[in-house]
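Going by the numbering used here, the sequence shown opens with residue 774, and the numbers climb by one from there. The next block holds one structure in the form of structure tokens; read it before the comments.
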Amino acid sequence: MDCDVCVIGSGAGGGPVALTLAEAGYSVVVLEKGPWLTEQDFFKDEIACCRRNTYTLNLQEEFHVVEEYNGKKGWVARPTYDSSWDFWNGNMVGGSSNLMSGFFHRLKPKDFRLLSEFGPIEGANIADWPIDYDELEPYYSKVEHVVGISGRVVDHPNQEPRSTADFPFAPTAEHPIANWFDETCQRERLHSIPVPRAILPHRALGRDGCQYSGYCGSYGCSTGAKGSSRAALLNRAVVSGNCDIRPDSHVYRLDSDASGRVVAASYYAANGSAETVRAQIFVVACQAIETSRLLLLSPGSRHPHGLANNHGQVGRNLLFSAGGAGTGSFFYARLDQDKAAELDRLDADGVIGGHSGLPFTDLVEDRLWHNAGSVGLPANDGTPRAWFSVLAPDGDGIAITHHPLDYDHARAAAKMRAAGLPAAYARTLEDGLWPDMRVLPEAERRLRARPLTPGAVHWSARRPRAAR
Ligand SMILES: Cc1cc2nc3c(=O)[nH]c(=O)nc-3n(C[C@H](O)[C@H](O)[C@H](O)COP(=O)(O)OP(=O)(O)OC[C@H]3O[C@@H](n4cnc5c(N)ncnc54)[C@H](O)[C@@H]3O)c2cc1C
Ligand code: SF4
């Protein structure tokens, strides 16, 4: 036997198990597929961290397959290297928790009773949890202390019951804009709360405090302030002397004996050699999808369809905590090909947008693309004017006119500076020039500092009379 317990996957699921058992005196081996990066290895390159596979796997080398229901065609399967969806979240010691934003909410009591509170959903397999919030509460409390959670408990109609009055650490500093949210929420009778964060506001627990790098979610933390499984738990587990972490160790099968009991984990080590770890107990914590994959890849004589899968349920009852996101595309004057393609995609006669402060109205053959400009950002034309537009009925269509907005830009710029908002944008309000033109196509860059004179346009759907 190589150890008492073998933990596979070292993220938010595996880390607490490894720490608790190692500190209780059990010998623990952690097998982690990714490398062991530390504070010195993390950097703040937006493209590398958020757009390229710096901390996740190359989709050509390891892909998932997503099936989507597509009306007439039925279920259509596409590999993720083709769809460019990416479900990898962070492959390294500490897992995705290295990259988390550290928002550290507890579940609410209702979350444990989804079926009884909200009823069944057709086609889904919802069940209440076998435990309730009260049973878990002491552990939430413990985790907040071990990981080092900062925040402030405030009165809130949905505040879950707590055995401790407050979080162990005071909240981290807030961006000045947070006050505006709080004031607006108060006016609207909404309840804003300081979000609990797994971020230390100052040096504690053997880790440095937050240095407000501003690049937090999706980035590794270079100070140790972020309470990742690695920084907060596994480093401590190693200090106990009972925890052996093996990075670059990809487990590909769990081997079981004739009684069905798992006896060994087979893995590829960093040098590509096939190795095994034998243990009394195995904990599989590879995140939901990879955990299911490993179980399904591990059939045995007592479970021919995969480990723990004699009822065919492995991988079938995933519950995701969904998020919302918004994206926008920038479309500029004159680039008619782009706009035509977007109008086709939307199947629309016209689009009315408002991004970026650049007002224009284009007719793409007989279709309309109207950009009102934006109140608040000058048009990069060397004047502090911001723009709005008026659309009025006009015969068989509408008349569209662009208008400069006079406002006290000097006062607005002073207020931005006083609020600590970016100085470059405060200057833009005064001189009307953008501090950064990387987002602009070359044709638009050449128009910098040339005062705009957008003309009026009459548009009748599908029959243009004049373009600017
Ligand atoms: C950018 C980002 C921001 C986030 N922000 C928040 C937040 O603010 N608040 C919050 O609560 N959650 C947040 N999350 C989600 C949170 O990080 C995850 O829910 C959590 O880490 C999941 O824990 P886990 O142990 O299941 O998986 P992970 O933490 O991903 O750990 C799984 C580990 O298993 C390893 N592994 C996989 N397969 C194998 C194998 N076959 N052999 C060996 N090792 C394997 C992986 O390499 C990985 O290290 C965020 C996630 C991301 C990516
Ligand atoms: S220093 Fe602070 S803001 Fe930067 S990554 Fe670490 S916790 Fe996040």
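Don't be surprised by glycine CBs; every beta carbon is placed ideally from N, CA and C.
Item, Value
"First through last residue of the beta strand (DSSP E) which encompasses residue 1052", "1047-1057"
"Cβ-heavy atom distance, residue 994 to ligand 4, below 7 Å", "Ligand 4 is not part of the structure shown, which contains ligand 1 and ligand 2 as its ligands."
"Same chain, Cβ closer than 6 Å to residue 791, five either side skipped, listed in chain order", "780, 801, 803, 1010, 1016"
"Per-residue burial, residue 1093 [other beta carbons within 10 Å of its own, 16 or more giving buried]", "exposed"
"Outcome for residue 1160 when other beta-carbon atoms lying within 10 angstroms are tallied against a minimum of 16", "buried"
"Residues near residue 1208 by beta carbon distance below 8 Å, same chain, minus five either side", "1197, 1198, 1200, 1201"
"Buried or exposed (CB count within 10 angstroms, at least 16 for buried), residue 1190", "exposed"
"Proximity test, residue 877 beta-carbon vs ligand 1 heavy atom, cut-off 7 Å", "yes"
"Secondary structure of residue 1227, DSSP reduced to three states", "coil"
"Any non-hydrogen atom of ligand 2 closer than 7 Å to residue 986 Cβ", "yes"
"Inter-residue spacing [alpha-carbon to alpha-carbon] between residue 907 and residue 965", "25 Å"
"Contact test: residue 972 Cβ vs ligand 2 heavy atom, cutoff 7 Å", "yes"
"Spatial distance of residue 988 from residue 969 (CA atoms)", "18 Å"
"Segment limits, beta strand (DSSP E) that includes residue 857", "Segment: none, residue 857 is in no beta strand (DSSP E) and carries neither H nor E."
"Proximity below 8 Å, CB of residue 1205 to CB of residue 1151", "yes"
"Three-state class that DSSP yields for residue 1118 in the structure shown", "helix"
"CB contact check: residue 892 to chain B, cutoff 8 Å", "Checking the listed chains, one finds no chain B in this structure; it contains a single protein chain."
"CA nearest to the CA of residue 1192, picked from 1213, 953, 1114, 1203", "953"
"Terminal residues of the alpha helix (DSSP H) in which residue 1170 lies", "No alpha helix (DSSP H) contains residue 1170, which is instead part of the beta strand (DSSP E) from 1170-1178."
"Rounded C-alpha distance that separates residue 921 from residue 836", "35 Å"
"Of the residues 1095, 1214, 1174, 1157, the one placed nearest residue 1185, counting alpha carbons only", "1157"
"Which of helix, strand or coil DSSP assigns to residue 943", "coil"
"Stretch pair the segment 998-1009 + the segment 976-987: three plus CB contacts closer than 8 Å", "yes"
"Residue 1162 beta carbon less than 8 Å from that of residue 1182", "no"
"DSSP state of residue 775 mapped onto helix, strand, coil", "coil"
"Cβ-based burial, residue 815 [other Cβ within 10 Å; buried from 16]", "buried"
"Residue nearest to residue 1049 in terms of C-alpha spacing, selected from 1059, 1066, 1029", "1029"
"Burial state of residue 1100, where buried means 16 or more other Cβ atoms lie within 10 Å", "exposed"
"Length of the line joining the Cα atoms of residue 1059 and residue 858", "19 Å"
"DSSP bridge partner residues for residue 1164 (one or two, in chain order)", "1173"
"Alpha helix (DSSP H) segment containing residue 958, residue limits", "950-960"
"Inter-stretch contact at 8 Å, needing at least 3 Cβ pairs: the segment 870-879 / the segment 990-1006", "yes"
"Beta-carbon separation (whole angstroms), residue 1168 vs residue 1142, contact threshold 8 Å", "Rounded, the Cβ-Cβ distance is 21 Å, inconsistent with contact."
"Between the CA atoms of residue 993 and residue 831 - distance to the nearest angstrom", "19 Å"
"Assigned exposure category for residue 1022 - 16 Cβ within 10 Å defines buried", "buried"
"Buried versus exposed call for residue 1226 [16 or more other C-beta atoms within 10 Å across all chains shown]", "exposed"
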